[in-house]
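UniProt numbering puts the first residue of the sequence shown at 1, with every later residue one more than the last.
For each residue, glycine too, the CB sits at the ideal point set by N, CA and C.
Presented below is the structure to which this report refers.
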Amino acid sequence: MAKLDCGINDNGVTMLVKSSLRNNVPIVLGVFSNDILSNSGKNLFSLMNKKNFYFVPMYQDQYKKKPNSMIACHKKVSKTLKCALKHEQYQPFLLGYKEV
């Protein structure tokens with residue numbers, strides 16, 4: 001996410017994202033991260049403020065063992081894609097927590 005946030009394109013994935021953004025194509029990301037509520041959070045929320053980046057809603061998993069971890073909800077992917085095609089972020093984005 002940091003590379004996407006900073007506009008670094010040094011591999012196939014980041015080059016594809018840059019090309020898609022240039023053509024006004026929405027980018028949908030489903031994030032699974034053990035530190036999204038700490039170090040990686042700034043990249044996530046920075047990308048949320050940029051045009052054409054959309055995120056699959058997330059929830060906190062195992063919040064007692066991994067307090068900074070969040071994962072994308074696979075059940076919301078289809079709805080998120082439909083919203084992204086209309087250039088809208090699916091809401092709600094933060095789903096709370098689940099015992100996994």
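Which residues bound the beta strand (DSSP E) around residue i?
| i | result |
| --- | --- |
| M1 | Taken as a continuous stretch (DSSP letters only), M1 belongs to no beta strand (DSSP E), as it is neither H nor E. |
| L94 | L94 to K98 |
| V28 | I27 to L29 |
Which term fits residue i, buried or exposed, when burial requires 16 or more other beta carbons within 10 angstroms of its beta carbon?
| i | result |
| --- | --- |
| M15 | exposed |
| M48 | exposed |
| L94 | exposed |
| I8 | exposed |
| K76 | buried |
| V13 | exposed |
Assuming residue i contacts residue j (C-beta within less than 8 Å), just tell me the rounded distance between them.
| i | j | result |
| --- | --- | --- |
| N52 | L21 | 6 Å |
Beta-carbon separation of residue i and residue j under 7 Å?
| i | j | result |
| --- | --- | --- |
| K98 | Y54 | no |
Please report the straight-line C-alpha distance between residue i and residue j, rounded to a whole angstrom.
| i | j | result |
| --- | --- | --- |
| Q62 | V31 | 16 Å |
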